[in-house]
Ligand SMILES: NC(=O)c1ccc[n+]([C@@H]2O[C@H](COP(=O)([O-])OP(=O)(O)OC[C@H]3O[C@@H](n4cnc5c(N)ncnc54)[C@H](OP(=O)(O)O)[C@@H]3O)[C@@H](O)[C@H]2O)c1
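The structure is reproduced here in structure tokens:
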């Protein structure tokens, strides 16, 4: 076993989700102790079962229910981790996602001037909500968990971006804007924290089928790509969706001392999606 995270304490938000639950296992595999955060107690219990079923000592997992927008809950979780393990070394800001009302029904406005279901009807409250979840929901945990790292003079923060940042992905206006903000914040914070020795990077996953988006990408039978999924696959040179396990190499590298001089970057894990012009 690679032991790059022996004696390291890793915090993962969104730890009960499709991608980040796999990250929890990936960190445990390399020796870490993990503070796993999510909102649903049931999902946290299921994560504990999965960790134990995979043969890891559940003493190396601390699950706490906390909304990433709730400073007091985050601080309580941090204090529990520090009183149990004495330190925080890594924060992965995994919690995030889309909010239905912050999208448009139509991909583009109609040529005939039909504006129904377009940007002009987008719900501003939903837009605010998706920005809060993805942007504030990374900034606030970073204030809470990276402070002890900055005081200790070492550590690393990993944000989770998306393919929706550089080129427009139709419909998901608010999600795209909030993830673009995260990439900018990644660079800003990397510079700001550099003197403390704390590194700040991001991964940008391409398209991964998780339980939450399976029905959108694979239709009701869970197997046949929807028309939108066909477009995604046509834009992905590998011609397939990613598997959550395929993120782990990039995540663990960026969070390990192997990346000791790497800060302020966003690493795409996308089967070539971001490189491809489509032609
Ligand atoms: N799947 C993809 O293809 C893909 C591609 C690019 C980027 N991403 C990004 O990767 C990250 C993980 O995605 P995923 O597909 O694994 O998502 P997911 O399966 O929907 O999981 C989302 C996680 O976030 C947590 N969460 C949501 N709102 C929260 C809040 N307010 N406070 C605390 N936790 C909250 C959920 O916990 P509860 O259910 O307990 O609330 C859950 O653990 C997200 O940032 C997403 O935007 C995903």
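Residue numbers (the working numbering): -17 to 261.
Glycine included, C-beta positions come from ideal geometry on N, C-alpha and C.
What is the rounded straight-line gap between the Cα of residue 171 and the Cα of residue 9? In the chain shown, the residue the question calls residue 171 occupies position 189. In the chain shown, the residue the question calls residue 9 occupies position 27. Distance between the alpha carbons of residue 171 and residue 9: 24 Å.
heavy atom of ligand 1 below 7 Å from residue 117 C-beta: Against the chain shown, residue 117 aligns to sequence position 135. No, ligand 1 has no heavy atom inside 7 Å of this Cβ.
Would you kindly work out how many angstroms separate the C-alpha atoms of residue 75 and residue -4, rounded to a whole number? Sequence index remark: in the chain shown, residue 75 carries index 93 (1-based). Sequence index remark: in the chain shown, residue -4 carries index 14 (1-based). For residue 75 and residue -4, the distance between alpha carbons rounds to 7 Å.
C-alpha gap between residue 253 and residue 222, whole angstroms: Reading the chain shown from its first residue, position 271 is the one you call residue 253. Reading the chain shown from its first residue, position 240 is the one you call residue 222. In a straight line, the C-alpha of residue 253 is about 8 Å away from that of residue 222.
Own chain partners of residue -15 with C-beta closer than 8 Å, once the 5 adjacent residues on each side are dropped: One-based indexing of the chain shown puts residue -15 at position 3. Cβ within range, chain order: 12 and 13.
In the structure shown, what three-state DSSP assignment does residue 234 receive? What you label residue 234 is simply residue 252 of the chain shown in a count that begins at 1. Helix at residue 234.
Presumed contact (8 Å Cβ cut-off) between residue 200 and residue 216, rounded CB distance: For the purposes of this step, residue 200 is taken as residue 218 along the chain shown, with counting starting at 1. For the purposes of this step, residue 216 is taken as residue 234 along the chain shown, with counting starting at 1. About 16 Å; that fails the 8 Å criterion.
Nearest-angstrom Cα distance between residue 175 and residue 181? Residue mapping note: residue 175 aligns to position 193 of the chain shown, counting from 1. Residue mapping note: residue 181 aligns to position 199 of the chain shown, counting from 1. C-alpha separation (whole angstroms): 7 Å.
Straight-line CA distance for residue 24 to residue 259? Here residue 24 refers to the residue found at position 42 when the chain shown is read from its first residue. Here residue 259 refers to the residue found at position 277 when the chain shown is read from its first residue. Looking at the two C-alpha atoms, the distance is approximately 42 Å.
So what does DSSP say about residue 20, is it helix, strand or coil? In the chain shown, the residue the question calls residue 20 occupies position 38. Three-state DSSP puts residue 20 in a strand.
Can you tell me the Cα-Cα spacing of residue 153 and residue 247, whole angstroms? Against the chain shown, residue 153 aligns to sequence position 171. Against the chain shown, residue 247 aligns to sequence position 265. If I take the Cα positions, the gap works out to 27 Å.
Spell out the partners DSSP gives residue 183 in its beta bridges. For the purposes of this step, residue 183 is taken as the residue at position 201 of the chain shown. Answer by DSSP bridge pairing, in chain order: 140.
Taking only the alpha-carbon atoms, compute the straight-line gap between residue 138 and residue 244 and give it to the nearest angstrom. Against the chain shown, residue 138 aligns to sequence position 156. Against the chain shown, residue 244 aligns to sequence position 262. One C-alpha to the other measures close to 10 Å.
Kindly indicate the opening and closing residues of the beta strand (DSSP E) around residue 75. Locating residue 75 in the chain shown gives position 93, where the first residue counts as 1. Per DSSP, residue 75 belongs to the beta strand (DSSP E) from 72 to 75.
Please state whether the Cβ-Cβ distance between residue 251 and residue 191 is less than 8 Å. The residue labelled residue 251 in the question sits at position 269 within the chain shown. The residue labelled residue 191 in the question sits at position 209 within the chain shown. Result no, Cβ atoms of residue 251 and residue 191 do not sit closer than 8 Å.
Does the distance from the CB of residue 6 to the CB of residue 50 come in under 8 Å? Walking along the chain shown from the start, residue 6 turns up at place 24. Walking along the chain shown from the start, residue 50 turns up at place 68. No, the Cβ-Cβ distance between residue 6 and residue 50 is not below 8 Å.
Name the residue from 71, 157 and 122 whose alpha carbon lies nearest to the alpha carbon of residue 178. The residue given as residue 178 occupies position 196 in the chain shown. Measuring from the Cα of residue 178, the nearest candidate turns out to be 71.
Alpha-carbon spacing of residue 195 relative to residue 80, whole angstroms: Mapped onto the chain shown, residue 195 falls at position 213. Mapped onto the chain shown, residue 80 falls at position 98. Distance between the alpha carbons of residue 195 and residue 80 is about 10 Å.
Below 8 Å, how does it come out for the segment 138 to 152 and the segment 98 to 109: are there three or more Cβ pairs, yes or no? no
With DSSP as the reference, please indicate the residues paired to residue 224 in a beta bridge. Indexing the chain shown from 1 puts residue 224 at position 242. Answer by DSSP bridge pairing, in chain order: 190.
For a quick check, are the C-beta atoms of residue 157 and residue 112 less than 8 Å apart? Locating residue 157 in the chain shown gives position 175, counting from the first residue. Locating residue 112 in the chain shown gives position 130, counting from the first residue. Cβ atoms of residue 157 and residue 112: closer than 8 Å.
What does the Cβ neighbour count give for residue 60, buried or exposed, with the cut at 16 atoms within 10 Å? Your numbering for residue 60 matches position 78 in the chain shown. Taking all protein chains shown into account, residue 60 has 16 or more neighbouring C-beta atoms within 10 Å of its C-beta and is therefore buried.
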